[in-house]
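The structure appears below as structure tokens.
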Amino acid sequence: MSEEKERQAANEWKVGPVAFISLLVAILFFSGLFMKIDGMKWLSAFDFTTLGGTFGTMKEPAKNTFLGAGGVSAKAGFLFALSLVPTVMLALGCLEIFSHYGAIRAAHKLLTPFLKPLLGIPGLTGLALITDLQSTDAGAALSKELYDQKQITKKELVIMGAWQYSGAGLINNYFAIGSALFAALTAPVIIPLVLMFVLKFVGALFVRFVLNVVYKEDFRNEQ
């Protein structure tokens, strides 16, 4: 019986060419690389953010809110949260397709040698981390699904949350909001982006250290 279970486990994580292709497509889809390419605007049709859509311009902010002028409290919060549902549903639906073709297995095989020693998390979390660079909501939803399916432990989830929380939606926010300050930068535009990306790992490493030293008893019974 034990040999049979080991054989089934090995087959479950077996990776073929289709899985690697699926992973590559998933990375390109969630990374934002297709969002704005000069002379090839049609590629944005294969980008997650483009498919998720954007809000229109508010010419009269005092009136053009969810509830009109004076909308406050729980109603406004609920409607804002409701507006996030299509993006999250799109992300989860796409993940199911990529997972069917083996993207998670390929990510696990390729990224585990890097993520496991560095952050203590398996490579299958790679897609959720990549997605977070473009969409905070979709990244969080994918992380929750991994935890609900018991593919990651609570400790790994906390470390992932630390990585995602620091500079969440990094690429999207940097180029959409930070672009207003590009003219004032004295360094190349790419340098602050790379620095923030590196500091995401620094923050996650710090949280991993705290969990292993200060709160290690809380996770002693986790598998």
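Start counting the sequence shown at 1; every next residue gets the next number (full-length UniProt numbering). The beta carbon of each residue, even a glycine, is placed where N, CA and C say it ideally should be.
An exposed status is given to H100, since fewer than 16 other beta-carbon atoms sit within 10 Å of its beta-carbon. Nearest Cα to P122 within the set P86, R105, L43, L95: R105. The C-beta distance from L119 to R208 rounds to 6 Å, short enough to meet the 8 Å contact threshold.
Taking every protein chain shown into account, the CB of T186 has fewer than 16 other CB atoms within 10 angstroms, so this residue is exposed. CA-CA distance, L205 to A107, rounds to 21 Å.
Unbroken alpha helix (DSSP H) runs of no fewer than 4 residues, entirely contained in the region 120-146, are found at 126-132, following chain order. Closest in C-alpha terms to L90, from the list K109, L115, F46, comes F46. Put simply, the backbone Cα of A168 is about 26 Å away from that of K41.
DSSP places K200 within a helical segment (H, G or I) once states are collapsed to three. Counting only residues of its own chain and dropping the five nearest sequence neighbours on each side, Q164 has a CB closer than 6 Å to the CB of D132, G139. The beta carbon of T87 sits closer than 7 Å to those of G52, S135, D137, A138, all from its chain and outside the five residues before and after it, given in chain order. Here DSSP, grouped into helix, strand and coil, assigns T50 to helix. The Cβ atoms of Y174 and P188 lie no closer than 9 Å to each other. For the 9 Å CB-CB criterion, L43 and F30 do not form a contact. Put simply, of G161, K155, T50 the residue whose alpha carbon is nearest the alpha carbon of E217 is K155. By alpha-carbon distance to G161, the top candidate from Q149, T112, N172, K144 is K144.
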